[in-house]
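Enquirer:
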């Protein structure tokens, strides 16, 4: 294994789904059920059984819209406010209307959701305004349940192939070029439609531990979706709205205030005092968190030690079996007992992830990107505050629409020269006798991201980042060296990470205002609704560098009252907010 | 230009008395999202899984899915 082989195979399918995490499997299932004749291929760089953000499951749904607890109108309003108004509501509204059906479908797969004594869904309040959080008592079984459905539906699964570039022709998508991560053999997949569900760009900033893979996101989510969309010419929206999360320091996993909050836990400063009204992750909340860390009242903690024994045992039971089960090992190693100590928290490295922000490959309410036949869903598509249920639901929209799309088209012709050029690019590090290994290219890129791009954002620092990224790119293109197929996968990821870093810098430079709290805190600029109440769209320019334009926010479906618009800015305890008092 | 050999302690540990790689089992290698585990033949001719690449997200499918409980995921030293 890992020996570099020379080979190229071509296969054809109707729908190629890239990424077998959360959105991808649901897209594949929906497409196949709608069009059973269609040949649907689900491809993953890892193994679909355990790939993606929910590799070890999830503790609950963070954004369920369940009749009796919340309405689609209320949810759409909440997410619009949480995103500082920059939100095309159609996709959020459709999600809010249809996610309940997806919950019922997941239920039928054997994934259980918490119910009260009357058999009703036991939904908890974590957000600033509405009630949307639904615990999953057997959340550790999500991937197994999904995998069973994929086998039953006879989806063709291809593991350990990494897609590196999309193919386009005739003004639409034509397929993808993929490389085997254990042999470096090429696979060209011709497809009438391609659905991308490649997750976040989680390996963008460097965690404070310095361990390259100690990221918040699954470290295999290195941003291929963003890079492939960019090189294919698709539009990417609001990339300056970074993901930054409050996490357990060093462990860098979620402290899970969403689990602990409804049970009485909360975020506190070093004195054990609550300083934010609402633990729901938003840019505005992160700004308060950052201010507390910097303002002399930090560190910041998750406080549980005031709770009753049975409550703490229940929190531990949930947190130590799902999503990041090594959390229990970590606390044990440090001698942290939830009953006695508060849990030290810190802010994460930056990343791209619509699950917790509003950035990503631009899509509409059908999960269509700006390239016909190309879809995106989950953390990489720009539907804000997606989370797991958003990935499932928007993945479903992509699958359903793609099933219709392929009924009316044949394969698009593409330029064979693109395949040759991509083979040469990918294999270049294998043709050298020595050079810089990919881990050093990656480390340097990500260290520069921390030094120069992490908010608060300063123009002169971001310009320096751009210069240094160009130097690293030169080293990468002319000097990167790998010894086996596994290292080649890391080399391709290093290239993707650098693409994402350049996009992060360019997008942040373009929006000359501050917005979304800490996510785009540009210290030289105030919020500027007159000029910047718009999406920013980034595409690959003629010169091969990021090009930008403004795009209008579509007229709202659900109106937001003037006095509600800034509700998420009234997070600090003591700040007057009529909404928070509800 | 030679590539240096830098020592590193790895988070995933396999108990090779329990590991059944010899019988053809590759479950931990198959499920790892970062593909960091491999099978090696030891001096005594018996095969075992081991962590070849120190690129671990300490996520635990290898430990959870091992049929003989041979795999333990520790926290990487840099962050534990």
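Residue numbers (the numbering used here), protein chains in the order written: chain H, 36 to 617; chain W, 3 to 82. We put the CB at the ideal spot given by N, CA and C, even for glycine. Since we're looking at a predicted model, the values are computed, not measured.
Mind listing which residues of the stretch 253-279 of chain H have their C-beta closer than 8 Å to chain W's C-betas, in chain order?
Expert: Cβ contacts with chain W: 253, 254 and 255.
Enquirer: Use the C-beta contact count for residue 43 (chain W): other C-beta atoms within 10 angstroms, 16 or more gives buried, fewer gives exposed.
Expert: The residue is exposed, with fewer than 16 neighbouring Cβ atoms inside 10 Å.
Enquirer: Applying the 10 Å Cβ sphere with the 16-neighbour rule, what's the burial state of residue 77 (chain W)?
Expert: Buried is the call here.
Enquirer: I'd like to know whether the C-beta of residue 90 (chain H) is nearer than 9 Å to at least one C-beta of chain W.
Expert: Residue 90 (chain H) counts as touching chain W.
Enquirer: Checking contacts by CB at 9 Å: is residue 186 (chain H) closer than that to chain W?
Expert: It does not; no Cβ of chain W falls within 9 Å.
Enquirer: Going by DSSP, what residues sit across from residue 515 (chain H) in a beta bridge?
Expert: Note: residue 515 (chain H) sits in a beta bridge opposite H:471.
Enquirer: Roughly how many angstroms lie between the CA atoms of residue 51 (chain W) and residue 218 (chain H), to the nearest whole one?
Expert: Taking the straight line joining both Cα atoms gives about 19 Å.
Enquirer: Please list, in chain order, the residues of the stretch 47-62 of chain W that have any C-beta partner in chain H closer than 9 Å.
Expert: Here the close residues are 54, 55, 56, 57, 58, 59, 60, 61 and 62.
Enquirer: I'd like to know whether the C-beta of residue 286 (chain H) is nearer than 9 Å to at least one C-beta of chain W.
Expert: It does: the Cβ of residue 286 (chain H) has a partner Cβ on chain W nearer than 9 Å.
Enquirer: May I ask which residues mark the beginning and end of the alpha helix (DSSP H) holding residue 369 (chain H)?
Expert: Its alpha helix (DSSP H) spans residues 361-369.
Enquirer: Report, in whole angstroms, the separation of the C-beta atoms of residue 36 (chain W) and residue 254 (chain H), which I expect to be a contact under 8 Å.
Expert: Going by Cβ atoms, the distance from residue 36 (chain W) to residue 254 (chain H) rounds to 6 Å, so yes, they are a contact pair.
Enquirer: Can you tell which of H:210, H:189, H:102 and H:604 has the C-alpha that lies nearest to the C-alpha of residue 51 (chain H)?
Expert: The candidate whose alpha carbon is nearest that of residue 51 (chain H) is H:210.
Enquirer: Determine the closest residue to residue 88 (chain H) out of H:76, H:108, H:58 and H:491, with distance taken between C-alpha atoms.
Expert: Nearest C-alpha to residue 88 (chain H): H:58.
Enquirer: With DSSP collapsed to three states, give me the class of residue 290 (chain H).
Expert: If DSSP states are grouped into helix, strand and coil, residue 290 (chain H) belongs with coil.
Enquirer: Less than 8 Å between C-beta atoms, sequence neighbours within five positions excluded: which residues of the same chain meet that for residue 189 (chain H)?
Expert: Once the five neighbours on either side are set aside, the close Cβ partners of residue 189 (chain H) are 67.
Enquirer: Thinking C-alpha only, which one of H:471, H:472, H:302 and H:498 is nearest residue 483 (chain H)?
Expert: Cα-wise, what sits closest to residue 483 (chain H) is H:498.
Enquirer: Apply the 10 Å Cβ neighbour rule to residue 197 (chain H) and answer buried if 16 or more other Cβ atoms are within range, or exposed otherwise.
Expert: When all chains shown are included, residue 197 (chain H) counts as buried.
Enquirer: In chain W, which residues lie with their C-beta within 9 Å of the C-beta of residue 423 (chain H)?
Expert: Within chain W, no residue comes near residue 423 (chain H); the closest Cβ sits about 16 Å away, beyond 9 Å.
Enquirer: What are the residues that DSSP puts in a beta bridge with residue 257 (chain H)?
Expert: DSSP, once it has assigned bridges, lists H:236 as partnering residue 257 (chain H).
Enquirer: According to DSSP, simplified to helix, strand and coil, what is residue 704 (chain H)?
Expert: The question about residue 704 (chain H) has no answer here: the residues shown for chain H are numbered 36 through 617.
Enquirer: Mind listing the chain H neighbours of residue 42 (chain W)? Cutoff is C-beta to C-beta under 9 Å, in chain order.
Expert: The premise fails here: residue 42 (chain W) is roughly 11 Å from chain H at the closest Cβ pair, so nothing lies under 9 Å.
Enquirer: Using a Cβ cut-off of 7 Å, pull out every chain H residue sitting near residue 32 (chain W), in sequence order please.
Expert: Simply 82.
Enquirer: What in chain H is Cβ-close to residue 73 (chain W), meaning under 7 Å?
Expert: Simply none; closest approach about 13 Å.
Enquirer: Helix, strand or coil for residue 93 (chain H) per DSSP?
Expert: In the structure shown, residue 93 (chain H) sits in coil (DSSP, three-state: anything other than H, G, I, E or B).
Enquirer: Where DSSP assigns a beta bridge to residue 416 (chain H), which residues make up the other side?
Expert: DSSP, once it has assigned bridges, lists H:396 as partnering residue 416 (chain H).
Enquirer: Please state if the CB of residue 421 (chain H) and the CB of residue 276 (chain H) are separated by a distance shorter than 9 Å.
Expert: No, the Cβ-Cβ distance between residue 276 (chain H) and residue 421 (chain H) is not below 9 Å.
Enquirer: For residue 378 (chain H), report the span of its beta strand (DSSP E) as first-last.
Expert: Its beta strand (DSSP E) spans residues 378-382.
Enquirer: Would you mind reading off the limits of the alpha helix (DSSP H) that contains residue 64 (chain W)?
Expert: Looking at the DSSP string, the run of the alpha helix (DSSP H) that includes residue 64 (chain W) is 63-67.
Enquirer: With distances taken from CA atoms, which of W:55, W:70 and W:13 is nearest residue 29 (chain W)?
Expert: When each option's Cα is compared against that of residue 29 (chain W), the closest is W:70.
Enquirer: Distance, Cα to Cα, residue 617 (chain H) vs residue 86 (chain H)?
Expert: Reliability of the predicted coordinates at residue 617 (chain H) is poor, the pLDDT of 31 falling under 50, and no value is obtained from them.
Enquirer: Does residue 17 (chain W) have its Cβ less than 9 Å from a Cβ in chain H?
Expert: No, residue 17 (chain W) lies away from the interface with chain H (no Cβ there is under 9 Å from its Cβ).
Enquirer: Hey, is the stretch 366-378 of chain H in contact with the stretch 331-345 of chain H, meaning 3+ C-beta pairs nearer than 8 Å?
Expert: Yes, the stretch 366-378 of chain H touches the stretch 331-345 of chain H.
Enquirer: In chain order, what residues of the same chain have a beta carbon less than 8 Å from the beta carbon of residue 571 (chain H), not counting five sequence neighbours either side?
Expert: Excluding sequence neighbours, residue 571 (chain H) sits near 272, 273, 274, 275, 542, 545, 546, 583, 584, 585 and 586.
Enquirer: Short of 8 Å in beta carbon distance, which residues of its chain neighbour residue 111 (chain H), apart from the five on each side in sequence? Order them along the chain.
Expert: So the qualifying residues of the chain are 124, 127, 128, 131, 592 and 593.
Enquirer: What is the C-beta distance between residue 318 (chain H) and residue 551 (chain H), in whole angstroms, given that I count them as a contact (C-beta under 8 Å)?
Expert: Right, their Cβ atoms sit about 4 Å apart.
Enquirer: What does the alpha-carbon distance come out to for the pair residue 215 (chain H) and residue 520 (chain H)?
Expert: About 8 Å.
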